[in-house]
Every structure is written in structure tokens, then in C-alpha cells.
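Participant:
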Amino acid sequence: MLKEFLKGWNREVFEGMEAQFNKAAKKVEHVDMKNEEGELEDFELEERHEGFQEMWAAMRKKEAIWKQKSRSNWVQLGDANTRFFHRVANGTRAQNSISGEDWKRPRTAGIKFKQISQERKEWLERPFSEEEIEEGLRSCEGTKALGPDGYNFNFLKCVWHSIKEDFVSFFKEFHQNGRLVGGLNSSFLTLIPKKLSPTELKDYRPISLIGCVYKLLAKVISHKLKTVMPKIISDTQSAFLGGRQLVDSILVLNEVVDEVKKMKRQAFVFKANFEKAYDCVDWEFLDWMMGSFGFGTKWRGWIKECLSTARVSILVKGSPTEEFKMGKGLRQGDPLSPFLFLMIGERLHDLVNKAETEDMFHRIPIGTRGLDVSLLQFADDTVIMGRANSSNIFMVKCILRWFELMSGVKINFSKSSVCGFNVLERWLKGVARVLQCGVGKTPFICLGMPVGGKLGSKKFWRKIPWVNWELVCCSRMKGGLGVPDLCRRNWALLGKWWARLGDGLESLWKQVVREKYYGGRRKVDITGVESGRVSKIWNDVVKIGGMSAGLRNLLLKKGKEDHWWWIHGLDGQYVVKTAYEALAPIKCTLVDQFCKMI
1 MLKEFLKGWN
11 REVFEGMEAQ
21 FNKAAKKVEH
31 VDMKNEEGEL
41 EDFELEERHE
51 GFQEMWAAMR
61 KKEAIWKQKS
71 RSNWVQLGDA
81 NTRFFHRVAN
91 GTRAQNSISG
101 EDWKRPRTAG
111 IKFKQISQER
121 KEWLERPFSE
131 EEIEEGLRSC
141 EGTKALGPDG
151 YNFNFLKCVW
161 HSIKEDFVSF
171 FKEFHQNGRL
181 VGGLNSSFLT
191 LIPKKLSPTE
201 LKDYRPISLI
211 GCVYKLLAKV
221 ISHKLKTVMP
231 KIISDTQSAF
241 LGGRQLVDSI
251 LVLNEVVDEV
261 KKMKRQAFVF
271 KANFEKAYDC
281 VDWEFLDWMM
291 GSFGFGTKWR
301 GWIKECLSTA
311 RVSILVKGSP
321 TEEFKMGKGL
331 RQGDPLSPFL
341 FLMIGERLHD
351 LVNKAETEDM
361 FHRIPIGTRG
371 LDVSLLQFAD
381 DTVIMGRANS
391 SNIFMVKCIL
401 RWFELMSGVK
411 INFSKSSVCG
421 FNVLERWLKG
431 VARVLQCGVG
441 KTPFICLGMP
451 VGGKLGSKKF
461 WRKIPWVNWE
471 LVCCSRMKGG
481 LGVPDLCRRN
491 WALLGKWWAR
501 LGDGLESLWK
511 QVVREKYYGG
521 RRKVDITGVE
531 SGRVSKIWND
541 VVKIGGMSAG
551 LRNLLLKKGK
561 EDHWWWIHGL
571 DGQYVVKTAY
581 EALAPIKCTL
591 VDQFCKMI
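Quick note: the sequence shown, position 333, residue 333 per the UniProt record's numbering, numbers continuous.
(1) Among residues of its own chain, excluding the 5 on either side of S535, which ones have a beta-carbon nearer than 7 Å to its beta-carbon?
(2) In its own chain, which residues sit with a C-beta less than 8 Å from the C-beta of V252, not counting the 5 before and 5 after it?
(3) Buried or exposed, going by whether 16 or more other CB atoms sit within 10 Å of the CB of V260?
(4) Mapping DSSP to helix, strand and coil, what is D562?
(5) The beta strand (DSSP E) spanning F270 covers which residue range?
(6) Could you compute how far the alpha carbon of D166 sits from the alpha carbon of K215?
(7) Pick out whichever of A432, K276, S292, K224 has its Cα sitting closest to the Cα of A379.
(8) Quick check on Q53 - is its C-beta less than 7 Å from some C-beta in chain C?
(9) Looking only at C-alpha atoms, which of F155, L351, K328, E132 sits nearest to R107?
(10) For L376, name the three-state secondary structure that DSSP assigns.
(11) Given that a residue counts as buried once 16 or more other Cβ atoms are within 10 Å of its Cβ, and exposed if not, what is A145?
(12) Find out if the Cβ-Cβ distance for the pair R369, E515 is shorter than 7 Å.
(13) For the candidate residues K202, H175, E134, whose alpha-carbon lies nearest to that of T297?
(14) Can at least three beta-carbon pairs, one atom from the stretch 229-249 and one from the stretch 424-439, be found at a separation below 8 Å?
(15) Tell me the rounded alpha-carbon separation between P365 and R387.
(16) Suppose the cutoff is 6 Å on Cβ atoms and the five residues either side in sequence are ignored; what does the same chain contact list for E18 look like?
(17) Check whether the stretch 314-327 touches the stretch 151-163, taking contact to mean three or more Cβ pairs, one atom from each stretch, closer than 8 Å.
(18) Use the C-beta contact count for N290: other C-beta atoms within 10 angstroms, 16 or more gives buried, fewer gives exposed.
(19) Can you list, in chain order, the residues of its chain with a C-beta nearer than 6 Å to that of residue 659? Leave out the 5 residues immediately preceding and following it.
(20) Who are the near neighbours of W497 in its chain, counting only those whose CB is closer than 6 Å to its CB and skipping five residues on each side?
(21) Decide yes or no for the touch test of the stretch 403-412 against the stretch 220-238: beta carbon pairs closer than 8 Å, at least 3 of them.
(22) DSSP has G386 in a bridge; who is on the other side?
(23) Could I get the ranges of all uninterrupted beta strand (DSSP E) runs contained in the stretch 172-255, with 3 residues as the minimum, in chain order?
(24) If we call anything under 7 Å between Cβ atoms a contact, is I250 one with M449?
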């Protein structure tokens, strides 16, 4: 009885699969024909999506049936026929094998890179000094999660006087032969949930817990690398480098959006989302980039050794799995990873510049002299801006695809979005379909901060707690909660922009502000601008600049230096005998003191 029932169910469900597939395919084809004649309506797009889902469902059912039939043949023939067994096994192995020997990622010619000087190249490859090793140890967080070796840096700092010579010998040996012994570069991979109820692997963020010995080596190398990075990394990247901050990109983006709105220019802003950016970096491309920047063979060998010897064990319920070798990617938790990724991101900047030079991409001019701004990068967060025309959209797609083929870093278009200014909504939806991304609305959130809207808008803030705010801002000893006054905190942070504008260091946000409000002059009077044409953010900075005019004399004394206070040693003790030698080179200018004070 059950057999007859199953036969009937099989005829009803599976015998009509081919007809179901053909019916769904005709539905999709009908909608595609309409698309060629003109723009599709929302219900037609939904109909096309449903047709594709029906096609895939029919194909999966068909695939499942043939899979079961193949296993049936295996049961009948495989065990009784050794020749059949070997033939099928070899065929399956050949079919499943993927050979990457003939695959080489493309490179580009004709793009000049910034290069480090010969002097800095030799300085990078000089032997590691004891001062550099101790500085690296001092900068390591002492209470971070343990790696495979089971030690944290607080322990190393406490016993440094006993193990110092061993570490110095290790660094000397690594400098000479550029090799790491097996097991030294092992790490635990812990999966940190991105949301409260993760259901898929993509809902976790992989963080590597690295052993102390390798981490100290990577820290010292990264300190060396950090000194030359500002020379080769463009101003469009504002992450991980001294003198550059996340808010720099936010200010520039807000000023560009403000300029576009006031001048009634047609423009677009594309927020690109990288899919597992660190995990997909191609090592050969990274080595090629370092060679293009002028790094020496010895230095590139060190970096290659640090990457290729990495071993990973995944922590499952607190227990590590079997180790496996990495073949690509950068580990989150490795001190070298942020700086190496900056080099990867610089290639995207070069591609955009090349397209603009060849008149294949048109940027948004800013200010009286037309300063061009088209790309902003903060680690793996990227924003591309340009004039709203079809050729620009096509070029953005080409640039991102070319960057993916070269570097291995893939753009997740489904999580990316595009915003338009002074354009038709129909055109913007068409752009979203071409880029296969979402349509954003202004104001929007970028790097966790609002862009293109009024900062006082209620939508950006939580509901107001109806309590005595003055009491809340009092210290706990006086019965308050110790919450800082947001208005005063905001004044202090705005004052930093005023202080940084005159610190003598060049950056992209200063170029944008000078071109937009001060005619491109390097020496500016911050209050000498008409408030009617100033963005909301910079108008607040101008007000703070006027209020802080009395501090101008303090800021002009940049050449005056003062000694800093004493810092404890690696073991946590204040030793008078060695304190002065350690503190003598640690100085700060009055400008730095003022910036830290506010």
C-alpha cells in the first residue's frame, strides 16, 4: 500500500519537473523581452525573480534524483567490479581537481607608484635594535586573549629582564636568514558574532589569537613599516596612519555632498562593501605591490615568510581543531595586516586616477579651482563619487572588477548601495540594477556617522531622557552619573579641527576646506569666510575658531619643546637610574599638548 502511494506521489511531484522548468523559463523570457522594449515595473521585476526561483527549484529536484540514481548504480556495480570502482574514482578525482598552475592574476602597466627612497629602503632592512624590540613590547596590550603559547604580554613584561637576551638572539637570527621555525606562527581562530543570533558562517567575524613571540616580531616590523607608509599611501586613505583619522573622510564626504547640493550638480555616491576583505588578499599581488613601491628583496622576504608560515586552528566550543595552512589572506589580529591592506587599497586609488587621467571617469570638482575628489577609503570601507552619467557608472563597474581580478578582494554588490543627487529616481534605479546593488537615500550613514543631512535631525538620535541633565553631568561623588556634557565635549572636538588646520601637516580634508572656502590659500583666517555658503559642520568649526582666538599665540610656538612625564619600565617599576635615558627622547610640542588637552 505504501509503495502504491509513493508511486502516485512521485508522478504528481517529479514527473512534471521538466514542464515546470519550461514554464518558469518562458515566464522569465517574457519579462526579459519587455525589458528590451522599455523600463520594467516593480511587479514585473518581482515576477522575473519568482520565475528564476521556480527554475532553480526544478533544477535542484532534478539534480537530487540523478544523484540518488548514481548512488544506486554504485551499490549495484561498484562493490562487485574493481575495474568499475577504479575508473569511477579516477574520473571523479580528475573532475573535482582544480589546477591553478596556469592561472595568473592580471597586472597593469603604465601606472607609476610612489616609491620609498634608497635611504629608507636600507633603514628598513637594518638589524633590529634592542630599543626597537622594547618599544614594540611596550606598545603591546598586556591583557589580550591568549594565543597557542598560553602567554600574554603582561607576563613577558614582568620577566623581560630574564628573557631579553633570548628575544634579541631570535630577532638577530630572523634578520640574517629570514626564516621562522615551525609552530612559531600558529594561531587560534575564534569566531566573534556580528549580531545577537547568528545563523550562518558569514554572521561571524574571524579573529586570530596569535602567539606572543610572532606577535612581537610583527609589531616591531609594523613599527618600521609605519614610518614609510605616509610617503607611499595617498591622502584618500585615512586609516591606521599617524595624523589621519576616521573623521577626516567623514568631513570630506560631507563637504562634497554639501557642494553638490548647493551647486545643483548631478552626482552619485557609491558605498562599496568588500566581502571578507582581509581573507581574500592574494599574496603574490601583495608582493608585486611592495616591489612596485620600491621595497627591497630582504624586506619582501620577511613579509612573505610571515604570511606563508601561518598555521590556523579554529576554536570550537573553546577547543582547537586540527591545524591547517593558509594559502591567501591576512589574519585579523596580526599587527602587520592593517598596513599590508593599505598597500592593496592603494591599487584601487591608482586605477581611479588612471581612469580620470585617460578621461574615462569624471570626478566632482570642489571649490573655486576645481579640486577633484572621487575616492575615500578607510580600511575596507570605500566610497566612490563622480558625476552622474552612464560612462562613469560603467567605469566604476570595470574598475572594481579589475581590482578584484588583481588583488583577490571581492566587492559584495548586494550589500553595497548607490545614492544620487539632483538626478531622476528612475535613472538611479537603473544604475542600481547595472551595479546590482541597493538604492540609498540621503541622509545616509557612512562609517557609523550621518552624511548629507542636518546633524540636529531627530532621526539620528535616541529619545531624550527627561531627567535633570545638570545633575546627570555631575560626578558620582556629587550624586550624578559622571556623564560628560555633550555640548562642551562637542566644542572641544570641533576645536581640534581648528588646531589641526594650522599644524603644518598636509592632508586631503585641508585641501578640500581651503579650496572650498578660502580660495586655495595655505595661510587662512578661519573666520574669514561668509557663513551663508559654509556647511553646517564647518560653520561650527568657524565659530569655535572665533571663540578660541586668544589661544593663537600658544599655537604659534610650535618650535618650543617640553619634556613629558615619566613612564614606568617594562616591569611596571619606576627606576630612577634608567628613567631619564628612556624619557629624554620622548618630547611633545605645545601644539600636541593643546590637542591632547582638549
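All residues carry an ideal CB built from backbone N, CA and C; glycine is no exception.
Facilitator: By the coordinates alone:
(1) Within the same chain, S535 has close Cβ partners N254, E255, D258.
(2) Cβ within range, chain order: V373, L376, L508, W509, V512.
(3) In summary, V260 is buried, with 16 or more beta-carbon neighbours lying within 10 Å of its beta-carbon over all protein chains present.
(4) Confidence at D562 is low in this model, with a pLDDT of 47, below 50, so the placement of that residue should be treated as unreliable; the coordinate-derived value is given next. D562 sits in a strand when the DSSP states are folded into three classes.
(5) Here the beta strand (DSSP E) through F270 covers 267-275.
(6) Taking the straight line from one Cα to the other gives about 15 Å.
(7) Among A432, K276, S292, K224, the Cα nearest to that of A379 belongs to K276.
(8) The question asks about chain C, but that chain is absent: this structure has only one protein chain.
(9) In terms of Cα proximity to R107, the closest of F155, L351, K328, E132 is L351.
(10) Of the three classes helix, strand and coil, the one that applies to L376 here is strand, per DSSP.
(11) Here A145 is exposed: its Cβ has fewer than 16 other Cβ atoms, across all protein chains shown, within 10 Å.
(12) One thing to note: R369 has its Cβ within 7 Å of the Cβ of E515.
(13) Taking each of K202, H175, E134 in turn and checking the Cα distance to T297, the smallest one comes out for H175.
(14) Under the three-pair Cβ rule at 8 Å, the stretch 229-249 does not count as touching the stretch 424-439.
(15) The straight-line gap separating the alpha-carbon atoms of P365 and R387 is approximately 9 Å.
(16) Same-chain partners within the cutoff: there are none.
(17) These segments do not touch.
(18) Per the sequence shown, residue 290 should be read as Met rather than Asn. Around the beta-carbon of M290, 16 or more other beta-carbon atoms lie within 10 Å, marking it buried.
(19) Only positions 1 to 598 of the chain appear in this structure, which leaves residue 659 out of reach.
(20) Cβ neighbours of W497 within its own chain (closer than 6 Å, five residues either side excluded): V541.
(21) They do not touch, by the three-pair rule.
(22) Its beta-bridge partners are F268.
(23) Taken in chain order, the complete beta strand (DSSP E) segments of 3 residues or longer contained in the stretch 172-255 are 186-193, 204-210.
(24) Yes.
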